[in-house]
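For reference, the structure discussed in these notes is given below.
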Amino acid sequence: MLALLKRYRELLAVAVLAVVPLGVFFAHARHPSDRTALDRLVLAATSPIEKAVDWAVTGTLDGFRSWAALRGARERAVELSREVNRLRTENDALVQIRGENERLERLLAFARSRPAERGIGARVIGTRMDPKGLQLVTVDRGADDGLRRMMPVVSGEGVVGRVHTVSGRSADVLLLTDRNSSIAVRVDRSRARANVRGQGGPGPARLEHALRSDDLLEGDALVTSGTDGVFPRGLPVGTVTRVRRAGYGLYQAAEVVPAVDVNRLEEVLVLVSSDPAPTSPAAAKAP
Amino acid sequence: MAAFRTLLVVLLALVLLALGASLSHLLGGGAFSLSLWVPLLVWMGLEAGLVEGAAAAVAVGVVADAAAGGPMGLLAFLSVACFLAVRAAAAAVGSRGAVGFSLLAFAATMLVGLGAIVLTRYVSPAEAAPRWSLMGRVAVEAILVAVLAPAVRWLAIRVVGEPPREEPGLS
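Protein chains in written order, with our numbering: chain A, 8 to 294; chain B, 843 to 1013.
Spelled out as structure tokens, the structure:
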């Protein structure tokens, strides 16, 4: 018997190697309720091996899949980084264009709201805002485009200033914040008259010649009165802040926050023709 | 030494399983499978000793079972069956060349596929049993495996090395 086993040991080994997996397969495939004691024994014996092999194989395959998925990831990352930079630049440009578009739309809306006035659009190409000197911006339109001294300059928000000096293709605009700028205004709510004078800086302007008896409150909107011979009536100038009434004197004082932020000016409208200012004697005398 | 070679075969089978899955995903989007481990069985059937080869075939089959996620033992049994069938057929087929090896790989893949369907149908309830139409898919897989089989053999020789030759079918 032993000799027989020894003689056919290889065949027996192969037979065992073939039959055992088949037995394991049938034990696994059988419905749990149909499993015999032998099936359960086989499952109990092979389960740890199965788990270990499964863990090793699944881990290896997952690792390989991850490695395969990461192939070319660096090149892709560089490519995406370039794309992101390009899109950021493009986005910045689009934001600029959108901002410009919004400003121009406001300017256009302003121009449309005042059909009696003809304006020329101009782009700010230079600024000179010396705290102790002139507060000027230079625009890219000049005498060749029909600009003349003292023409009112506005933006979508309101009064910017007036044309100060003109050359062929450019002009300097004296801002309403300049000390030499004085604009005749009315309180929109009470129609009280006054003057707005710049203080030489981009901050608040000063309200002058507002009679002490006039109805003036903080937050009141100021518009041009049209009585200074420069600005047509009704243009927004600013908002009243810090009203001060002294115990004596004819006038009350206040600060005015300009409607236009002169530090952010980019496009303006030069009003080359406008409806005439009121010519009544009272209006002419008034500030 | 035989145990070390068996370990190398198992590791190579693992790599081939991963490669097959990746190729199948990349080329066919999972429309077909690619059992690149079957040519490894063919190579063992041609080159390895009976017991060493059968043991390695079981190990490869166990790994394939784990990777396939099917019932344990199915591919292990079919691997041994495939290994023995190749040993039996090798004498009849001129299998030393690339063409002969590819033909054997084709036949082995068909055998494994057919065996898997038959055995699964045998143990499954009728409504869950795999259909015979799957044989078309198996045939496509067998053709692809046959095309890639020489590369697998080249890899097996480089990784595992030439086992001691013996006349197939005599043991």
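All C-beta atoms, glycine included, are put in the ideal place defined by N, C-alpha and C.
Asked: Neighbouring residues, chain A, relative to L892/B (Cβ below 7 Å); Found: E17 and V21
Asked: Contact list for F846/B against chain A, beta-carbon separation under 9 Å; Found: Within 9 Å Cβ-Cβ: nothing; F846/B doesn't reach chain A, min ~18 Å.
Asked: Residues, ordered as in the chain, of the stretch 261-283 of chain A that lie near chain B by beta-carbon distance below 9 Å; Found: none
Asked: Buried/exposed call for V26/A, threshold 16 Cβ in 10 Å; Found: exposed
Asked: Rounded separation between A930/B and V884/B - CA only; Found: 11 Å
Asked: Bridge partner(s) assigned by DSSP for Y258/A; Found: L218/A
Asked: Option nearest D147/A by Cα separation, candidates M158/A, G128/A and G165/A; Found: G128/A
Asked: Option in E273/A, L257/A, L218/A and G210/A with minimal Cα separation from T246/A; Found: G210/A
Asked: CB contact below 8 Å: G903/B versus chain A; Found: yes
Asked: Residue range of the beta strand (DSSP E) that includes L278/A; Found: E274 to S280
Asked: CB contact below 8 Å: G978/B versus chain A; Found: no
Asked: 8 Å Cβ cutoff, L859/B in contact with chain A; Found: yes
Asked: Cut-off 8 Å between Cβ atoms - residues of its own chain near L862/B, not counting five sequence neighbours on either side; Found: Note that residue 862/B is Gly in the sequence shown here, rather than Leu. These residues qualify, in order along the chain: S875, L876, S877, L878 and W879.
Asked: M886/B, enclosing alpha helix (DSSP H) - first and last residue; Found: V880 to E889
Asked: Nearest candidate by alpha-carbon position, reference G299/A, set E215/A, T145/A, A178/A and K13/A; Found: Outside the modelled stretch of chain A, which goes from 8 to 294, sits residue 299/A, for which no answer is possible.
Asked: Test: L11/A CB closer than 8 Å to a CB of chain B; Found: no
Asked: Distance between L257/A and P159/A (C-alpha atoms, nearest Å); Found: 30 Å
Asked: Straight-line gap, A906/B to F919/B (C-alpha atoms, nearest Å); Found: 11 Å
Asked: Residue environment, L953/B, which counts as buried when at least 16 other CB atoms sit within 10 Å; Found: buried
Asked: CB contact flag (G149/A, G175/A, <8 Å); Found: yes
Asked: K292/A, DSSP secondary structure in three states; Found: Note on K292/A: pLDDT 41, under 50, position unreliable in the model; no value is reported.
Asked: Beta-carbon proximity list for V902/B, same chain, < 7 Å, skipping 5 on both sides; Found: V851, V852, A855, W879, L882, L883 and S921
Asked: CA-to-CA distance, L50/A to E57/A, given in whole angstroms; Found: 9 Å
Asked: Opening and closing residue of the alpha helix (DSSP H) in which I64/A lies; Found: In the sequence under discussion, the amino acid at residue 64/A is Val, which differs from the Ile named in the question. That run of the alpha helix (DSSP H) goes A44 to L77.
Asked: Classification of S188/A by the beta-carbon crowding that lies within 10 angstroms, buried from 16 upward; Found: buried
Asked: Segment limits, beta strand (DSSP E) that includes D179/A; Found: A178 to L182
Asked: Residues of its chain near Q142/A, where Cβ-Cβ distance is below 6 Å and the 5 sequence neighbours each way are ignored; Found: M136, L182, T184 and D185
Asked: Cβ contact (3+ pairs, closer than 8 Å) linking the stretch 943-959 of chain B and the stretch 985-1002 of chain B; Found: yes
Asked: Residue closest to S296/A, alpha-carbon to alpha-carbon, out of L272/A, Q259/A, V173/A and F238/A; Found: Here chain A covers residues 8 to 294 and nothing more, so residue 296/A does not appear.
Asked: L858/B classed as buried or exposed, judged by whether at least 16 other C-beta atoms fall within 10 angstroms; Found: buried
Asked: E215/A versus G233/A - alpha carbon distance; Found: 16 Å
Asked: Buried or exposed by the 16-neighbour rule on C-beta atoms within 10 Å, applied to V91/A; Found: exposed
Asked: Chain A contact residues for P913/B, given Cβ-Cβ distances below 8 Å; Found: F32, H35 and A36
Asked: Start-to-end residues for the alpha helix (DSSP H) that takes in S120/A; Found: A80 to S120
Asked: L266/A in three-state terms, based on DSSP; Found: Per the sequence shown, the amino acid found at residue 266/A is Ala instead of Leu. Looking at A266/A - three-state DSSP - the assignment turns out to be coil, as it is neither helix nor strand.
Asked: Distance, A116/A Cα to P122/A Cα; Found: 10 Å
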